[in-house]
Amino acid sequence: MRNAYYMLLFLSAVLSGCSMDEKADPYERTKHVLDVTLAYPEGYDSLLREGVEVRIENTGNGSIYTASTDGNGRFALELSNGIYRITVSDRADGGMFNGRADRINLVDRDQTLTLSLMRSVSGDIVFKEIYNGGCPAYPLEGTYQFDKYVILHNNTSEVQYLDGLCFGTADPYNSQGTNVWVEYDQVTGEASYPDFVPIVQVIWQFPGGGTDFPLQPGEDAVVVCCGAIDHTVQYPMSVNLDREGYFVCYNNVYFPNTKYHPAPGPHISSDRYLDVVLKMGQANAFTFSVFSPAPVIFRAEGMTVREFLNMEGSVIQKPGSTVDRIACIPIDWIIDGVDVFYGGSTKNVKRLQSQIDAGYVTLSDNYLGHSLYRHVDESATADMGFEVLMDSNNSSNDFYERDRQSLYAE
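Taken in order, the sequence shown gives residues 901 to 1310; the numbers are from this note's numbering.
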């Protein structure tokens, strides 16, 4: 395609009676060639094939393009001047192969690059819903944000146990914040990430001795991030989070701010309060971003999470900060994670590695009562006999924005 492109420029110059130097100066061109070859992990080279779909996004104006690979896992596309993000999610050989390249620079230049794919598998327990953006304070004036929650879902045909599962959010709190963990190639703009997920402020852990809190196939678990009370009493566009069986992030010693963390309602059992494994920040309330959190769930392997956090290098000072500490959770421990972008910003930056979430889901704006919800896999649901959710480890494909919280009661 590159040769055809330059031949077209040559013919155009000849027909107009002008020289190539006058008409084909690369710094005057408004379109440039992006030439990409996929690279599968070692042992999976046979997956290089025709027809793998690639998503290309102009990060400046939000334009989305798609391309398909040829038989060698390659594609070339002519695009306007700009900075681009590329994502690939390929379901093959019993797993997902995800890849991403951020900040690909096509300003006054062509780019040729190899995009490495990482193999990942679907999580046993996944995020089904994320409600973080708040709602109108109607009938009062203003807005309301103290009613945040997430819903977890057993996406397998076997009983899963919540006991010991950990919950936290990746740094930075907001997708439009400064991300000190990502480095960009000065020429291509490709991003490189650390081999851990930087968890900020606090790590919560489900209680239980191992089998106290089973989650049946297709069953959900509501986790209240703040305010395990009936918010609809005063704010009818909110939700009732005082319900039997709900879990809650509540610890009034570490987080005494009662505006965010009032005493849980009478229907919340105290044995369903999540434990604080480690508090790293100074805040008096759990900061679950109203704009764009990046929540993750994980389990420690080969040791307890407390044993890991006591090891040297597991908790570090955040670069550039004198007060913030970060827990460096190994990528292999992450069961599920979702990168949320804020629709009111053009400066969103990815926080989660592609093997956790190759894409992102956008919350168009806050204080609307909207939530982010995972698509149902209709085919798998019909086969299994219980609700199976989409899980490609790419939230751009797996999630959508719904116009009302699922827990909202008409």
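Glycine is no exception: its CB is placed at the ideal position from the N, C-alpha and C atoms.
Element boundaries [alpha helix (DSSP H), containing residue i]
i: Glu1090; result: Taken as a continuous stretch (DSSP letters only), Glu1090 belongs to no alpha helix (DSSP H), as it is neither H nor E.
i: Arg1003; result: First-last for Arg1003: Gly995 to Asn1005, but that is the beta strand (DSSP E), not the alpha helix (DSSP H).
i: Asp935; result: Per DSSP, Asp935 belongs to no alpha helix (DSSP H); it is in the beta strand (DSSP E), Lys931 to Ala939.
Residues sharing a beta bridge with residue i, DSSP
i: His1053; result: Val1026 and Asp1120
i: Gly1237; result: Val1196
i: Asp1265; result: DSSP lists no partner for Asp1265.
i: Pro1098; result: Cys1228
i: Val954; result: Ala967 and Val988
i: Ser1020; result: Met996
i: Ile983; result: Asn1005
i: Asp1130; result: Asn1140
i: Thr1043; result: Pro1036
i: Pro1114; result: Tyr1061
Sequence-distant residues of the same chain with beta carbon closer than 8 Å to residue i, five excluded per side
i: Asp1047; result: Tyr1031, Gly1034, Cys1035, Cys1126, Gly1127, His1131, Tyr1135, Ser1138, Val1139 and Leu1141
i: Gly1109; result: Asp1063
i: Ile1231; result: Asp1095, Phe1096, Val1097, Gln1253, Gln1255 and Ile1256
Contacts around residue i, its chain only, beta-carbon distance under 6 Å, and the 5 residues preceding and following it disregarded
i: Leu1040; result: none
i: Leu979; result: Leu934 and Leu1006
i: Asn1248; result: Ser1075, Gln1076 and Phe1241
Straight-line gap, residue i to residue j (C-alpha atoms, nearest Å)
i: Tyr1242; j: Asp1265; result: 7 Å
i: Ala967; j: Thr1014; result: 15 Å
i: Ile1099; j: Thr1069; result: 6 Å
i: Thr1088; j: Ser1020; result: 26 Å
i: Val1215; j: Asn958; result: 36 Å
i: Ser1270; j: Gln1045; result: With the sequence shown as reference, residue 1270 is identified as His, and Ser is not the correct amino acid for it. Spanning the two alpha carbons is a distance of roughly 12 Å.
i: Val1133; j: Arg1304; result: 18 Å
i: Thr1158; j: Tyr1150; result: 10 Å
i: Tyr965; j: Val952; result: 14 Å
i: Gly1259; j: Asn1210; result: 32 Å
i: Phe1188; j: Tyr1273; result: 17 Å
i: Tyr1154; j: Asn1184; result: 7 Å
i: Asn981; j: Thr969; result: 22 Å
i: Gly973; j: Ser1296; result: 22 Å
i: Tyr1173; j: Arg1302; result: 28 Å
i: Ser1169; j: Pro1107; result: 12 Å
i: Ala1227; j: Asp1239; result: 18 Å
Sequence-distant residues of its chain with Cβ nearer than 7 Å to residue i (five each side left out)
i: Leu1093; result: Note that residue 1093 is Tyr in the sequence shown, not Leu. Taken in chain order, the residues that qualify are Trp1081, Val1082 and Gln1253.
i: Ser1292; result: Ser989, Arg991, Met996 and Asp1298
i: Met1284; result: Ser1057
i: Gly1165; result: Ala1128, Ile1129, Asp1130 and Asp1142
i: Ala882; result: Nothing can be reported for residue 882: it is not among the residues displayed for the chain, which extend from 901 to 1310.
i: Gln1217; result: Arg1225
i: Pro1219; result: Val1080
Endpoints, the beta strand (DSSP E) within which residue i is located
i: Val1059; result: No beta strand (DSSP E) contains Val1059, which DSSP labels as neither H nor E.
i: Leu1015; result: Gln1011 to Ser1016
i: Asp1337; result: Look at the range of the chain in this structure, 901 to 1310, and you will see that residue 1337 is not part of it.
i: Ser1271; result: Ser1271 to Arg1274
i: Ala1258; result: Note, Ala1258: premise wrong, no beta strand (DSSP E); not H, not E.
i: Ala1280; result: Ala1280 -> not in any beta strand (DSSP E); alpha helix (DSSP H) instead, spanning Glu1278 to Met1284.
i: Phe1208; result: Careful: Phe1208 lies outside any beta strand (DSSP E), inside the alpha helix (DSSP H) at Val1205 to Leu1209.
- [ ] Tell me the start and end of each unbroken beta strand (DSSP E) in the stretch 1146-1194 that is at least 3 residues and wholly inside, in chain order.
- [x] 1175-1179
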